[in-house]
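Residue numbers (our numbering): 18 to 338. What follows is a set of notes on a single structure, which appears directly below.
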Amino acid sequence: MSALTAAHKGQLAAALDAVAIDASEISLTSFATSALNFDATKQAEYFPDFGAAANDGKVIWLDQVTSAIIAHRKKTIEEEAKVPRAVIIKRADAVGGRQAYSIVGLAQYLASINSKPEFVARVRRLENVRSYLTGIADGHKLEALAASILRAFCPISIPTQRTADQGVDCLAYQDILEIERWCCDSHIVWNSHAFGERVHVVASCKANEGNTPGGIPATISPAQIRELIGAWMIQRSDSSAWKKLTNVKLLSPLQLLLVTTYRLSDPSIRLCRELGVVVWGVTELMYLVARTAPESVFPPSAGYLFDEAACGAWIASAESA
């Protein structure tokens, strides 16, 4: 059995891009049969028999099909900053015990995991959200967007937007290890507020001023990543400008966050993951806007169409708070 050809990879990629967001789940072999225009003879030639060994040439070829689909999804997400409309699902085969793969439209997948219908309706508008996000060239606006999203998860979230901000553009915190004061605080208890430690979110934002709405973002410079790492490191030191505001201590837990409308190169992505930095790029921001934006941004009365003006007002509210 020969290796998967470049022509086959191109056909699989085109078929994956053409999957409708509402497409029902089909097996990988059915998807490949349609994408590659295989007749019965070709199917017998390429697809493995049930129970075939892992080192069978046909099994290896089908594994290459799976890898090609995953690689194309990766390229779509990381190189084009788009959310694919199709999802590949891996399940254990109930009979053979091997991993079985299938393809399903994104909306159908979300419905199958019991996502709220309102969220699924918003996901259908992600291309409009992407166009809006890729058009953000104002660093302050991106900072306010990060603060707006973080407010859905944290009790306090503020964009800094100050001079000499030491590379920190947004601050937030979330209480952890909550314990009521009466059992651990020697002072007179006037209320029952929890007493414990906080995880502090320290966010830096990098907006690509050269972006165009709907375009493919440029790649952020590794030098900018190195600059951010230095800015993040200083937040644990006594020279941190935000120590009093956030009460960050030497050993307080920190979550470092990079919010950007650039793309990251593979080395930069690996560096951030190795250092424990969470990255919100365009695709992550698309999801987070759909999840956290108020109803005015996706009004049900308008079929959940994305409202750019309402999104702008939501973001601006973080600046004025």
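In this text, a Cβ means the ideal position worked out from N, Cα and C, and glycines have one as well.
### Selection from Y190, F55, D34 that minimises the alpha carbon distance to E97
Ranking the options by Cα distance to E97, first place goes to D34.
### 8 Å contact criterion, which L167 and V219 should meet: CB distance rounded
Rounded, the Cβ-Cβ distance is 11 Å, inconsistent with contact.
### Message
Can you tell me whether I237 is buried or exposed? The criterion is at least 16 other CB atoms within 10 Å of its CB, across all chains shown.
### Response
buried
#### Entry: Rounded distance between the beta-carbons of T229 and G320, thought under 8 Å
Contact between G320 and T229 does not hold, since the beta-carbon distance rounds to 27 Å and is not under 8 Å.
### Query
Among residues of its own chain, excluding the 5 on either side of L305, which ones have a beta-carbon nearer than 6 Å to its beta-carbon?
I166
### Query
Skipping 5 residues on each side, what residues in its chain have a beta carbon closer than 7 Å to that of E325?
Excluding residues within five positions, the ones whose Cβ falls inside 7 Å are Y149.
### Contact belief for I86 with L29 at Cβ below 8 Å, rounded distance in angstroms
6 Å
### Task
Using 10 angstroms around the beta-carbon of F170, count the other beta-carbons present and answer buried if the total reaches 16, otherwise exposed.
exposed
### Sub-9 Å separation of A224 and G298 beta-carbons
no
### Task
For the beta strand (DSSP E) holding S318, just list the boundary residues, first then last.
For S318, no beta strand (DSSP E) encloses it, and the DSSP letter there is neither H nor E.
### Query
Mapping DSSP to helix, strand and coil, what is A128?
helix
### Task
Would you kindly check if the distance between the Cβ of A69 and the Cβ of A4 is under 9 Å?
Any property of residue 4 remains undetermined from this structure, which presents the chain solely from 18 to 338.
### Query
Whole-angstrom Cβ separation of V104 and V121, contact assumed at under 8 Å?
6 Å
### Task
Please check the pair I38 and R90, which I expect to be a contact at CB under 8 Å, by giving their CB distance rounded to whole angstroms.
Between R90 and I38 the Cβ distance is about 14 Å, and since that is not below 8 Å, they are no contact.
### Query
Helix or strand or just coil, what does DSSP make of K99?
coil
### Query
In whole angstroms, what separates the C-alpha of C187 from that of S318?
Straight-line Cα distance between these residues: approximately 33 Å.
### Rounded straight-line distance, which links the Cα of L45 to that of L21
Cα to Cα, L21 sits roughly 15 Å from L45.
#### Entry: Same chain only: Cβ atoms within 8 Å of G232, ignoring 5 sequence neighbours per side
Around G232: T151.
### Query
On the three-state DSSP scale, how would you describe M109?
The sequence given here places Ala at residue 109; Met does not occur at that position. In the structure shown, A109 sits in a strand (DSSP, three-state: E or B).
### Task
Using the DSSP secondary-structure output, state which residues sit across from Y279 in a beta bridge.
None; Y279 has no bridge partner.
### Query
Roughly how many angstroms separate the alpha carbons of D192 and S285, rounded to a whole number?
30 Å
#### Entry: CA-to-CA distance, S269 to C200, given in whole angstroms
22 Å
#### Entry: chain C contact for S174 (CB, 9 Å cutoff)
Checking the listed chains, one finds no chain C in this structure; it contains a single protein chain.
### Query
CB-CB under 8 Å to T177, same chain, minus the five flanking residues each way: which ones, in chain order?
E160, V185, D186, C187, L188, W259
### Query
Between D283, P234, C222, Q81, which lies nearest to N248 when the distance is taken from Cα to Cα?
Reading off the sequence shown, one finds Ala at residue 248, where the question assumed Asn. Closest by alpha carbon: C222.
### Query
Which class does I43 belong to by DSSP, given the choice of helix, strand or coil?
strand
### Task
Kindly indicate which residue of F315, T277, R243, G329 has the alpha-carbon position closest to the one of P134.
F315
### Task
Report the three-state DSSP secondary structure of P270 (helix, strand or coil).
Coil at P270, not helix or strand.
### Query
If you draw a straight line from the alpha carbon of L302 to that of Y279, how long is it in whole angstroms?
In a straight line, the C-alpha of L302 is about 12 Å away from that of Y279.
### Task
Could you have a look at I205 and say whether DSSP puts it in helix, strand or coil?
coil
### Query
Among the residues of its own chain, which have a CB less than 7 Å from the CB of I173, if the five just before and after it don't count?
A189, Y190
### Query
In or out: L267 buried (at least 16 other Cβ within 10 Å) or exposed?
exposed
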